[in-house]
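Below you'll find the structure, written out as structure tokens, and then a few comments.
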Amino acid sequence: MAKLTIRNLNVRGKRVFVRVDYNVPMEETDGQMVINDATRIKETLPTLDLLIAGGARIILAAHLGRPKGKREPALSLRPVAAKLADLINRPVAFVDDCIGEKVEQTAGLLKEGDILLLENTRYYDQEEANDSAFAAQLAKVADSYVNDAFGAAHRAHASTEGVARVVAGRGGQCAAGLLMERELKFLGDELENPPRPFVVILGGAKVSDKIQVIDRLLEKADAILIGGAMAYTFKLAQGYKVGKSLVEPDKTDVAKAALDKAKARGVKFLLPTDNTIVTPIKTEKLNKKGKPIIEFDKPRTNAEANIPDGEEGVDIGPATAAAFSEVILGANTILWNGPMGIFEDKRFAAGTNAIAKAVVDATAKGAKSIIGGGDSVKALNKAGLGNKVTFMSTGGGASLEFLEGKELPGVAALTNK
Ligand code: AMP
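In our numbering, the protein residues as written are 838 to 1254.
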């Protein structure tokens, strides 16, 4: 269902309540919280510029971290107001609350084009509980509602869903921001009837996290390439040995069903034929959770499909990377979610980097490449290739749920066109 976007709104003189994703990484330096990466703030600028040009009185709401209903000073959005003012080159007012008299007064004083950022919505338990009285309090300063926080749209919280319902109930309009609009376009519309061949690359830790995505995409894709630890559950289902690799033995039936479905539909389903393996060694050192730290010894290529007992697969091998790359280079549409190995350790990043390069090369040849959020976005950025793909989603969990075909509550609450 097509949703209203801010392009369809007349916002002049109206108080527009905008839910943004300002859940930025911060670090304490000399007793002050400093923003490490302002990407999420920068990404809202097109929406804000359009609202300013339209003469809106802008009220921004967001969450930061998990304060669990308490006023956690380290999780205040105040530094974000300062950063946003820098980036947008105009003053940004800040109120140290997200509901109440002070908020209403300050919002009332806003002139056309003025911006007010409210304090962390998760300072209240009622936010995550989607409490209707709390949503009504948020809505007191909202003539219209805009959601530009795709990364939080899979949650039905007061600021992502409840407040939209209140505004809509009063006959107000609820629209997608420009960032949200792009997410819905690339993860939704563009994958409805993708130019073929449509190649899907999936990796990461667990089959159980992505099985619904696999199941849905098996109905659309021409080829599915599986790497990461999740590949080992498929290999186990095929009767191969996986040694000490991360695996979900109780999910082999699910994996088998996906393999059968791929066969029945004629979808090419590629799994690793070689791997980078290591010998895992338990050390005396403990991690934060009190568990022994495992060191990875003797990284080497295992050119066989079986992984020897006692060894662990940590990345796809060079032959697999080459085979996957060939399929990717022949694609016209590519969707990628999840790394091919433990890419955080550069000894095991080669497979993920090879896939990133193939995706970038295919894009340069004219393919549309859509990166479904999370670690694949991190991997591309780490390799300096982030700007060389068609679209990188800003959502992790939200992208996966959307790709599963679920309706996201934060999107469902917006006004239909
Ligand atoms: P996900 O959040 O499901 O996309 O999983 C990402 C995580 O999977 C990353 O932290 C990777 O280190 C991890 N991962 C990928 N391949 C492997 C592997 N072969 N063994 C263990 N962890 C892996």
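From the three backbone atoms N, C-alpha and C, an ideal C-beta is built for every residue, glycine too.
Would you mind working out which of the options sits nearest residue i, comparing C-alpha positions?
i     : options                       : result
L1062 : Q1075, W1173 and A993         : W1173
A1168 : A989, I1144, E1149 and D1198  : D1198
P1246 : R992, L947 and S969           : R992
T1110 : D1097, K1126 and P1155        : P1155
K1205 : Y1069, L955 and A1195         : A1195
D886  : V1000, K1135 and R927         : R927
I1114 : A1140, Y961 and K1125         : A1140
K905  : Y961, L947, N1218 and V940    : Y961
C935  : L924, R903 and A898           : A898
L1107 : L1083, I1051, G1234 and F987  : I1051
K1057 : P1034, K1047, Y1077 and G1076 : P1034
Q1049 : G850, M1017 and E1241         : E1241
A836  : D985, A970 and G1006          : Because the chain in this structure spans residues 838 to 1254, residue 836 falls outside the shown range and cannot be described.
K840  : E1018, N860, L1217 and D968   : E1018
F1228 : K1047, E1244, T943 and T1200  : T1200
A1160 : V1036, S1230, R1137 and L1222 : V1036
I1118 : K1126, I1131 and L1096        : I1131
D1087 : Y1077, I1171, I1208 and V1044 : V1044
R844  : G1008, A1012, R1007 and G988  : A1012
P1145 : K1243, T1157, K1081 and R1053 : K1081
N1224 : P1032, G1232 and I1208        : I1208
E956  : R856, E1148 and K1100         : R856
T881  : A1142, S1162, A986 and G1147  : A986
L1083 : E1149, V940 and G850          : E1149
Tell me which residues share the same chain as residue i and place their Cβ nearer than 6 Å to its Cβ, disregarding the 5 neighbours each side in the sequence.
i     : result
M863  : M870 and I872
I1179 : V1151 and F1185
V1003 : A972, A973 and A976
K1105 : A1060
L1259 : One cannot answer for residue 1259 here, as it falls past the ends of the chain, which runs 838 to 1254.
K1098 : L1055
A1277 : The structure shown has nothing for residue 1277, since the chain only spans 838 to 1254.
V1079 : Y1069, K1072, L1073 and I1144
Who pairs with residue i in a beta bridge, going by DSSP?
i     : result
P1129 : L1123
Q1010 : For Q1010, which the question treats as bridged, DSSP gives no partner whatsoever.
T876  : T876 is not bridged to any residue.
F1071 : BP columns for F1071 are empty, so no partner.
M870  : E865
Y982  : F854 and C1011
R1137 : I1114
M1229 : I1208
K1105 : A1060
G1150 : I1114
N1174 : L1039
N1253 : K840
V1079 : I1144
Can you find a CB in chain D that lies within less than 9 Å of the CB of residue i?
i    : result
R852 : Of the protein chains in the structure, only one exists, and it is not chain D.
Considering just the uninterrupted stretch of the alpha helix (DSSP H) at residue i, what are its terminal residues?
i     : result
V1197 : A1187 to A1201
A1110 : Residue identity check: residue 1110 is Thr in the sequence provided, not Ala. Segment: none, T1110 is in no alpha helix (DSSP H) and carries neither H nor E.
I1063 : I1063 -> not in any alpha helix (DSSP H); beta strand (DSSP E) instead, spanning A1060 to I1063.
V929  : Counting along the chain, V929 falls outside any alpha helix (DSSP H), though it belongs to the beta strand (DSSP E) covering V929 to V932.
N1218 : D1212 to K1219
G1025 : Element bounds for G1025: n/a, residue is neither H nor E.
G1247 : P1246 to A1249
T1157 : P1155 to L1166
F987  : Unbroken run through F987: none, as it is neither H nor E.
P916  : R915 to I925
A972  : S969 to L975
S1236 : G1234 to L1240
I889  : L882 to A890
S1045 : V1044 to L1054
D962  : D962 to E965
Tell me which residue opens and which closes the beta strand (DSSP E) that residue i is part of.
i     : result
K907  : Per DSSP, K907 belongs to no beta strand (DSSP E) and is neither H nor E.
R1033 : It is not in any beta strand (DSSP E) - R1033 carries neither H nor E in the DSSP assignment.
A898  : R894 to A898
V951  : Just to set this straight, residue 951 is Asp in the shown sequence, not Val. No beta strand (DSSP E) holds D951; DSSP gives it neither H nor E.
Using C-beta distances below 7 Å, list every residue in its chain close to residue i, excluding the 5 sequence neighbours before and after it, in chain order.
i     : result
M1177 : G1040, G1064, G1065, D1152, I1153, G1188, T1189 and I1192
F931  : R915, A918 and L954
V1000 : F854, A972, L975, A976, A979 and Y982
A966  : none
G1234 : H991
T1089 : T1070, L1073 and A1074
I878  : Y859, V861, V917, K920, L921 and L924
E998  : N967, P1246, G1247 and A1250
V848  : L888, G891, G892, A893 and S981
Could you name the residues of the same chain whose beta carbon sits closer than 8 Å to that of residue i, not counting the 5 residues immediately before and after it, in chain order?
i     : result
K1135 : V1115 and T1116
K948  : R894
R1102 : L1055 and E1056
N1253 : M838, A839, K840 and L841
T958  : A898, A899, H900, C935, E964, L975, H994, A995 and S996
E1238 : H991 and L1245
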